[in-house]
Ligand SMILES: Cc1ncc(COP(=O)(O)O)c(C=O)c1O
Ligand SMILES: Cc1ncc(COP(=O)(O)O)c(C=O)c1O
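Chains as they are written, first to last, in my numbering: chain Z, 56 to 508; chain F, 56 to 508; chain V, 4 to 479; chain R, 4 to 479.
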């Protein structure tokens, strides 16, 4: 008798009798003999609850986690704090164990939570339409690229301009997604001094290629904050759709991308109250103008009227989606990151207007502190002189692999190695979050000093 | 502005105005100047959420816990598994953040859960009345002793007979509790061969002392299962109230104490789904005959009728309690272990009739396996030959302190040292739970062998 | 009535996964008292999903602070921060065994040591024990300390404990539980302890006076300095019931008022959740001259080493097993650390502000019993309501507000002339908006009474059961 | 409508505790695009207790498997074991960063490796990637594999993907998202794929056929062996949509049926909670000849060392960042381990038994569309109801049962002649009692229709909102 199965033998007997069968096996009479399994599945025999716990605890022990080592890793995923209120709410089973709210009367609370996500995230993106939701920052960017293709395909070449300075992983995902529709990708280089986009190249390529859109990232893969207004200006002039991938936390300090003229804003929602979980599950943010609403993939929650004329929440605009439009749908997304989008909404409510600014400031200030102090060390140099938010790229006189290794022995995840920034070698992307206090930052500095000595 | 305070400055101003005051300070005008604090409390400055987490994580790291070392410690607290369903339910805030259900209409669900605790626990004690609840196994025993005193004080001497073989901590608590009412405690020795009660002494003392009650424990502090029927027989004949302290898990295998004639059953509920938490909070079980109901301390939940005549749950028999009876109350208990009693009820529902038996059997069998294999080692001997359930006392040829220390270096909590069993030295109480698998038990055996070699 | 979990039982199903492939030889051992295979206990057999649905369903017919306003007087139902719950569940604490070798529990001793110090500072005492399991248990420990002190130090026989008539039931119950005779001091017209009466009752039999300040009437005993002097002059001790500490944090301290012994209910002032009745925790603190009487062990420090100290020469012994409610105390510790000194003081200020605001705003419907400022809770007079206070407040349930404390419906006792008094404690975690809303609802109920008295008399109407009469008789 | 969290915003309050005493110099930096101090975003300002109450309140107007029966066809709303949730939150996983040095994530690689193997065995495939974020994402990965395979290996241009008309919407959407042309194959009278039509459509343009078996009509495509032969003979590939795997675990496997590529929705068959829409996970598996096409990285093993393998020569590249939904996949892993081979098989048996029992018991009210045994879900005909199926099932809400899947209310698409079909999937975690109760409720609603048709047409009556019309227009 196994716990997750609720029928006892007596139940089974009675039920089979009702159905008019003798054996459980005869329920499967439609399955042809040749493809029936004649052996048991070759899987581990069942674990008791405590044996399972032991197994998982031991697996978990074989990872070193960010409460054990000082974490200076970023690259799109950050060791930010996750308020306890977030977990407390999303662990409530009414949300956790429910399906997509296809029955709105039964799910007003869930729909409202998702609607509030859209509301709050729209404040951050500066654009009114927010989907609920894309899988992660990378697929959100790819979703946006497909949107560009759908929106522009009449007038433009099936080409996409993409900044070289987006996360390498994002570029890989983009390439996979574009491969299907045979959309060509052209890369736009960065300025080797500032780390910002090479605007001349951007202007030229836009003219030459007449692409469906331009995709870029800010802060970019080197941590550098781009001049977004300048980008959108160039794009607007050429009627090229501008697509930004951003870190939502930067909006604690910076103007919203919408304000600065971006057409489609995408990003990774992990910094907003979502645990690292080795990189997933996280949250793909996707947001755009009202005019592009029919092109946006994923769920949209809106207000409708019930039969008494009172407002109610519901899934809306479903004719864009696969379950209605089928092969004509914009994308195939069905299950999404609902619970994680609720996490980010709770996070944003929790920090609120002032806390959001404070949090961004703390990240900025701590990053400046670390950066400035590292630059005092002999032979340690910044690779780029653009402005940064919470991470920056450093160049070392010696092998960065050795540095990472030695820092590791001091319980420090020192940063992410860049294999390939133009011709420059031994570069490290170092990230900071609010969780690192002054003592931790000083420990990083003194440890590095020791290693370099 | 601090998170747990909900008033902003504007609110405060408006509210003060309504009250007719100028300053917050004037709210405290009744507090005489000389006793006003003129300095700030000397407490740490506030921690941010992440700094708090770091602080607590670091404190926790300074403990070695039972997922890190193999735990063979018992002595009344056992490293049993806690089903995940238990935590999932008791973390739901409707239960967690509520007060004692003084408003039954608003708390039927909570009252029912507590009522079910009483129902299920009564199955285990074999007695119909279960209080909800005493603080822990030790105070439950002391509560029972006070009950004996109240019930019997007309006919008996203000004396209590107590088995020497109860947990040392329980005896200490008992002494403290009895000191107030000047109830004298006389100890009943154990048989040095079997580890069971010395029945002759018990019979004699009962005759001589005419005590209000006899308190004993089974399995006792040496892990030995007592002949309960024999005890209750002796007590009944002398009209002495028999009070047992038991491990509820043993009832998976054994007859209920109620059946065997015990008058008041007490015990520690920790083995039933409650985490160790370094020994608290846990659960004091207290159960008795219907005839003693008016003497039982603590909450009782029962069924009453609402004004429409329908059944409803409510606190009942409140006239026994301090908030009604005041100085005439049986005891002063008010806050109790409500949530922990619900944990044990969920635990019992979870394991159910068959699982409860299986669990007890597993504990028994694993204990036998370890015991039998240890006895094969040279010079390792049992101290007593009585029957055991999940722990037993071993005698070593060498210092038990050294053994404990060496086992510790092998990541084993080897057991609990007994300082004082008659004249015998170097004894160790070794406990086993279902969580230890054969490999763990064999590791204990081989480690000990190595140390003794 | 919802079926009980026993009603849901079915044969041969179960929620568990209890087995070990190596140990499957389930032959019953031969022990005296063994239960035969066919002797059933009558435990339910249900599957996991049934358990989860059953209890989820039950929680949905319950009400906590997370669900709404809970102004239950004397109970300090403030918000229970989630981070405290979470951090109290760290494996290093949750999964450690109390009888592990001492050196494997360094984090535990350090935490306990710091907590003792913080509480001592907060209450103005010199030493603390974390062992008591609840407020009443702290009282009991305190009473035993008093008893032992007169025995061991003063070699006197003092058998009387004085308590105020407005004292919480646990005060007299604690005293008599420890064998003391309990004498009651009246409240005067102003709601304060009758000092003249106190003077008269002081004799060499009086071991101690137990007092909560502010009192259960929500008023500060402003004569406390004089009271303390009288008590001490009489050679007696002064015990502080700390249940109302939420009214004075950072403003004044029991130690400074002259109290010799004090407990604190962490599940009130320090925000640990009350769990539908418990577990809470009731640490007990003393002035230096009583330190050696504390229950053992207390956490101590030697250089950088923390350890459990069992060597208190006059100790009353243990009051419970092990070290106290560690899981609960951790939450209280987190609460202190996240607030800091200023935050705790603001907590108190806002709690008192909220109570006074509520008192003022309700005064037309429910005039205050004592016409003056209150502390963290206000005592209101239900006499001018057209229906009994008991039924009036039941109607609050329909509006999603927990009724306040009344005689017989809450943990407080009032003398006869306060039979229709209502004790409301909003706490600092209610917003002005929720208070205003509550006031509005009171008004509305008053209107409803006018329109349809019977309807209100039979409230609540929105729950699974109807009104349950006061002290209803049990049925079987 | 309940106020939104924005409606609850007040000035100068907040729930957070965000500060660092050392870094308090909050002068805005000089960056292009800096947001001035007075430029507000419009985020709410609310305190912690308000947040908790707001969202607790919202959860109480939602419905999950823990609240009751949820027979939403095609969604496999089975019980989500709590231990899996708990163990997926262990710090070693929850708090590890994806870009840590590889050797600091040994537990991760080992878990992934074992999970890949278990899934491969369960589905009869040879290799698995855990990267896809959901079922549809697994499909997409599969389609890219197909595309790349024809490009890289077969050097052919094949632009057509065939799907059944009863296929889930994601199937055609995935195909066209990747640039394929999508062609639809009809269902025959018996509810099976029209093989004659399939034969006609097979040409050298056909890259693959996507199929779910059992189909979304709850029927097993018993001609699957022949279908596979036809497909392979045509040089095409066969893709398995694993959403209905709950019907066949341990009984048969897609790999054995002849499928070349398959995904599995862990949030259906493997019990990971669906979270009101996600996150789920959709691992994709392939036969050996396609292993080198899988998205990178996959977990691999070298002797005793586990590591992420990026060296798949034909890889389609990444399909998302990092390694997949680790938190979700851990729950699925726990599910496999607690069930074991026999438990998984029983799961399937009971799921199918429950569905057939329901089909039989409901047959007078709702006759099955295809008059034969069903698999894990049953497709019933709502034509003989006096009211539309849409309104009929709304009444279930009042009885605390989640309505089943209908056209437009669920994730499944039916052709026009199935416009009033109802797809019910009870899953194995419903008891016979809950099924009987559900049948009784259906009967009762039928009676209610007779008595008061309008009442049923306007259901539900117990919720905060009234019935919401089919595909209601948005209002602003
Ligand atoms: C004034 C007062 N004293 C003592 C107590 C008893 O505390 P506990 O319930 O923690 O035992 C209470 C609790 O209601 C109280 O309000
Ligand atoms: C048959 C079928 N295929 C595919 C999917 C899509 O899976 P997901 O929602 O995980 O993307 C579903 C989900 O409803 C389904 O039922």
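Just so you know, even glycine gets a beta-carbon here, dropped at the ideal spot from N, CA and C.
The model shown is predicted, which means the values in this text are computed figures rather than measured ones.
CB contact flag (residue i, residue j, <8 Å)
i: residue 264 (chain F); j: residue 271 (chain F); result: no
i: residue 168 (chain F); j: residue 308 (chain F); result: no
i: residue 285 (chain R); j: residue 137 (chain R); result: yes
i: residue 352 (chain Z); j: residue 198 (chain Z); result: yes
i: residue 192 (chain Z); j: residue 322 (chain Z); result: yes
i: residue 298 (chain R); j: residue 177 (chain R); result: no
i: residue 253 (chain R); j: residue 227 (chain R); result: no
i: residue 311 (chain V); j: residue 112 (chain V); result: yes
Proximity test, residue i beta-carbon vs ligand 1 heavy atom, cut-off 7 Å
i: residue 244 (chain V); result: yes
i: residue 405 (chain R); result: no
i: residue 138 (chain V); result: yes
i: residue 268 (chain V); result: yes
i: residue 274 (chain V); result: no
i: residue 275 (chain F); result: no
i: residue 132 (chain V); result: no
i: residue 187 (chain F); result: no
8 Å contact criterion, which residue i and residue j should meet: CB distance rounded
i: residue 245 (chain R); j: residue 268 (chain R); result: 6 Å
i: residue 237 (chain R); j: residue 272 (chain R); result: 30 Å between Cβ atoms; not a contact.
i: residue 183 (chain R); j: residue 336 (chain R); result: Not really, about 33 Å apart at Cβ, beyond 8 Å.
i: residue 473 (chain Z); j: residue 445 (chain Z); result: Their Cβ separation, rounded to whole angstroms, is 17 Å, which puts residue 473 (chain Z) and residue 445 (chain Z) out of contact at 8 Å.
i: residue 471 (chain F); j: residue 484 (chain F); result: 4 Å
i: residue 54 (chain R); j: residue 140 (chain Z); result: 6 Å
Check: residue i C-beta below 7 Å from any heavy atom of ligand 2
i: residue 173 (chain R); result: yes
i: residue 77 (chain R); result: yes
Please list, in chain order, the residues of the segment 58–82 of chain Z that have any C-beta partner in chain V closer than 9 Å. 58, 59, 60, 61, 62, 63, 64, 65 and 66
Runs of 4 residues minimum, wholly inside the segment 86–173 of chain V: which ones carry the alpha helix (DSSP H) assignment? For secondary structure counted as the alpha helix (DSSP H) over 4 or more consecutive residues, the segment 86–173 of chain V holds these complete runs in sequence order: 94–97, 109–126 and 138–155.
Give me the subset of the segment 384–397 of chain R whose CB atoms are less than 9 Å from a CB atom of chain Z, sorted by chain position. 396 and 397
For the segment 418–452 of chain R, which residues have a CB atom closer than 7 Å to at least one CB atom of chain Z, in sequence order? 431, 432, 433, 434 and 435
Got a sec: which bits of the segment 34–65 of chain R sit with their beta carbon under 8 Å from any beta carbon on chain V, in order along the chain? Interface annotation for the segment 34–65 of chain R against chain V: 50, 51, 52, 53, 55, 56, 59, 60 and 63, criterion Cβ-Cβ distance under 8 Å.
Where the segment 330–356 of chain F meets chain R: residues whose CB sits under 8 Å from a CB there: none
Interfacial residues, the segment 397–412 of chain Z to chain R, with Cβ spacing under 7 Å: 401, 403, 404, 405, 406, 407, 408, 409, 410 and 411
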